[in-house]
Amino acid sequence: MPESVGSVDEGSGRDGAETRGIVSERLPCAFFDRPVLEVAHDLLGCAFMCDGVGGRLVEVEAYRADDPASHSYRGRTARNAVMFGPPGRLYVYFTMGLHFCVNVVCEAEGQAAAVLLRALEPTDGLQRMRERRGLEDLRRLCSGPARLTQALAIGRADNGLCACGPVCDADGPAGTGDGAPDRAGFFARESVEGRDPATWSRRAPRIVATPRIGVTAAPGTPWRFVDADSRFLSRPLPRARRR
DNA sequence: GACTTGATCCCG
DNA sequence: GGGATCAAGTCC
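Here my numbering is used: position 170 in the first sequence is 153, and no number is missing along the way.
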C-alpha cells in the first residue's frame, strides 16, 4: 500500500472552499488554442474535475483533422460538429453501443483537433465515483476513457460545454444559462487550494508517447501520452518503455 | 468473444 | 429512404 488514500474526504462538506480554489485555477481557453500535440503533452499532471469529482490526468491521446483515426477526418457531421468549434469545449461521443468518451477541443476554431481523456488518478469525490462505477478498486475507477466518463457522470448533456476558465458564459448547445456552470468539467493546474496532499501526486509526470489504443486507421502514430510512472493507466506500458 | 446502439456509408 | 457495417470500449 505505497500510497495512502484512506484519509480522503469523500467529497462531502468541503465543496464550497474547494470549488473556489479550483475555479481560480481553471486553465484558460488560450491553453487549448495551441497545437494539439502540445496540449496533450501539457495536460498530463493537470486536474480534470466535474462537479467536485475528478483527479489528475495520467493518459491522453491527440487527434487531428488530417489524421485518418480522427472523427473529424471525413469532415463535419452532426456527431463531430463540436470538434470544429472553438477550443476548450468538451466533445463527448457515444461509442460501441454503450459508452461515452470525452475530449477537449484544441487549436483554432475550424481545425477540428481534440485530446481524448483516457485515464486519471482519482483524487476527489472517490465515494461518488465508486457508486457510479459499482466498484471499489481505486485503480480501475478511471483507467479507461469510458470508465472515466462513467465515474465523472459525463454524457450527452456535456457535449459542447465550455471547459475554460474563468467560468465561461458561452456554453455550447447544451448550455441553458440557468444551470450550474460548474457542472461542466474543467481543467486546472495541479496546485489547487484545499487539495489533500496525501492523495495528490505533486511530482511532474514522466511523459512517454506510445501508439494510440484501439485505433485501426492510423496504427503506430505515437500520439498517446502517458505518465509512465502512474499506476492508473488503462494499459501498462510495454516493458521496454517503462524505464 | 459478447455485448448493444447510433452514426455513417452505400446502394437504389 | 433503408439496410449493412462498424466503432477512439469494457467485462467475463
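Glycine included, C-beta positions come from ideal geometry on N, C-alpha and C. None of these values were measured; they are calculated from a predicted model.
- Query: Taking Cβ positions, are Ala129 and Phe83 nearer each other than 8 Å?
  - Reply: In terms of Cβ geometry, Ala129 and Phe83 form a close pair [threshold 8 Å].
In three-state DSSP terms, what is Phe229? Because the chain here runs from -16 to 226, residue 229 falls outside it and cannot be looked at.
> If we ignore side chains and look at the alpha-carbon of each, how far apart do Asp210 and Leu26 end up?
Replying inline: When rounded, the distance between both Cα atoms is 11 Å.
### Query
How would you write the range of the beta strand (DSSP E) that Thr227 sits in, first residue to last?
Residue 227 lies beyond the stretch modelled for the chain, which goes from -16 to 226, so this question has no answer here.
Exercise. Fully enclosed by the stretch 99 to 129, which beta strand (DSSP E) runs are 3 residues long or longer?
Worked result: Whole beta strand (DSSP E) segments, 3+ residues: zero.
Start and end residues, beta strand (DSSP E) containing Asn86 = For Asn86, the enclosing beta strand (DSSP E) covers residues His82 to Cys89.
Mapping DSSP to helix, strand and coil, what is Phe67? Phe67 falls in the helix class under three-state DSSP.
Do the CB positions of Arg72 and Cys145 come within less than 8 Å of each other? One thing to note: Arg72 has its Cβ within 8 Å of the Cβ of Cys145.
_Could you tell me the alpha carbon to alpha carbon distance between Gly143 and Val87, rounded to whole angstroms?_
Cα to Cα, Gly143 sits roughly 9 Å from Val87.
Checklist line | Bridge-paired residues (DSSP) for Leu40 | finding: Answer is Leu103.
Local conformation of Thr78 per DSSP, three classes: The three-state reading of DSSP puts Thr78 in strand, counting E and B together.
request  = Answer with buried or exposed for Ala223, where buried requires no fewer than 16 other C-beta atoms within 10 angstroms of its C-beta.
outcome  = Under this definition Ala223 is an exposed residue.
Looking at the structure shown, is Arg9 part of a helix, part of a strand, or coil, going by DSSP? For Arg9, the three-state secondary structure derived from DSSP is strand.
Neighbour-count burial assignment, Gly197, 16 or more Cβ in a 10 Å radius: By the 10 Å Cβ count, Gly197 comes out exposed.
Review point. Skipping 5 residues on each side, what residues in its chain have a beta carbon closer than 6 Å to that of His54?
Key: Asn63.
Taking all protein chains shown into account, do 16 or more other C-beta atoms lie within 10 angstroms of the C-beta of Glu119, making it buried, or fewer, making it exposed?
-> It is exposed - the Cβ of Glu119 has fewer than 16 other Cβ atoms within 10 Å.
Kindly indicate which residue of Val22, Pro70, Phe15 and Asp16 has the alpha-carbon position closest to the one of Ile190. Closest option to Ile190, Cα to Cα, is Val22.
Note to self: Taking its Cβ as the centre, do 16 or more other Cβ atoms sit within 10 Å of Glu44, making it buried, or is it exposed?
What the structure shows: When all chains shown are included, Glu44 counts as buried.
Leu216 - DSSP class collapsed to helix/strand/coil:
DSSP places Leu216 in coil when its eight states are reduced to three.
Give the DSSP bridge partners of Ala171, in chain order.
-> Per DSSP, the beta-bridge partners of Ala171 are Arg9 and Ala30.
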